[in-house]
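This report concerns only the one structure given below.
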Amino acid sequence: MTRSLCVYCGSSPGNNPAHMALATALGKELAASQIRLVYGGGGLGLMGATTRATHEGGGDVLGIIPNFLQEAERTYTDVKHVFVEDMHQRKIMMFDESDGFIVLPGGIGTLEEVVEVLSWLRLNLHEKPVVFLSDTGFWDDFLRVFEQIVAAGFAPKSALDDMLSATSPQQAIAMVEDRIANPLKRKPLGFEGGVRELS
Ligand code: AMP
Numbered sequence: 026m027t028r029s030l031c032v033y034c035g036s037s038p039g040n041n042p043a044h045m046a047l048a049t050a051l052g053k054e055l056a057a058s059q060i061r062l063v064y065g066g067g068g069l070g071l072m073g074a075t076t077r078a079t080h081e082g083g084g085d086v087l088g089i090i091p092n093f094l095q096e097a098e099r100t101y102t103d104v105k106h107v108f109v110e111d112m113h114q115r116k117i118m119m120f121d122e123s124d125g126f127i128v129l130p131g132g133i134g135t136l137e138e139v140v141e142v143l144s145w146l147r148l149n150l151h152e153k154p155v156v157f158l159s160d161t162g163f164w165d166d167f168l169r170v171f172e173q174i175v176a177a178g179f180a181p182k183s184a185l186d187d188m189l190s191a192t193s194p195q196q197a198i199a200m201v202e203d204r205i206a207n208p209l210k211r212k213p214l215g216f217e218g219g220v221r222e223l224s
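Structural data, given as structure tokens:
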């Protein structure tokens, strides 16, 4: 089956070369697995490393970039790319074109993108898996925040089942495939007396 996976990641290279190396490894693995890469269209940082590796590995890529970022993010024009009006159009197209999401290290933009699809998952608006990928522990503290959210009673324990994390591209892809094959049983959204039920 041909899959499309969306990769959210930094538009900067960061200062740990391991992060760029992981982006390259993921790009290669997507190409080898014949999985189409859907991403933000830029040619810089981890975004650029991922798309270059997928493209050079003979893989299929769709880049989606807002007009105003064409220059700043150096649109990678060697692959199929589309220009959209704004961030909202970019995010909805990245969502619609993908069967799941892999999240590499990144900054505010990466966080914003992944938190949105996680919140839609919690609202039962989709069932597309989200996997955080790092081999440096980059996401550990972020994932701990979700444990705090559950511990403080702001989300049910089951919310943690949506927080998949992997340390290699192969493991991340396998986790996406497994979750697509074995979706979680999702409870209807429950609100009682104006208070969201947490069990
Ligand atoms: P960053 O992780 O901050 O380097 O950003 C990664 C990618 O997310 C870049 O392509 C940014 O343009 C993009 N981005 C930043 N903010 C948003 C947003 N509000 N909506 C969609 N994409 C965004």
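In terms of my numbering, the numbers along the sequence shown are unbroken and rise by one, the last being 224.
Note that CB positions come from ideal geometry on N, CA and C, so glycine has one too.
- Note: S190 is bridge-paired with F157 in the DSSP secondary-structure output.
- Taking the CA atoms as reference points, Q173 sits about 32 Å from M118.
- At the C-beta level, S159 and P194 stay beyond 8 Å of one another.
- Looking at the backbone, the Cα of L214 and that of P42 are separated by about 42 Å.
- Remark: three or more beta-carbon pairs, one from each stretch, lie closer than 8 Å, so the stretch 87-107 and the stretch 57-67 are flagged as touching.
- For K212, there is no enclosing beta strand (DSSP E), as DSSP marks it with neither H nor E.
- Boundaries for V107: no alpha helix (DSSP H) harbours it, while the beta strand (DSSP E) harbouring it runs K105 to V109, taken from the DSSP string.
- Here W145 has H151 as same chain residues with Cβ atoms under 7 Å from its own Cβ, once five neighbours each way along the sequence are excluded.
- Beta-carbon to beta-carbon, R28 and D124 are separated by about 5 Å, close enough to satisfy the 8 Å threshold.
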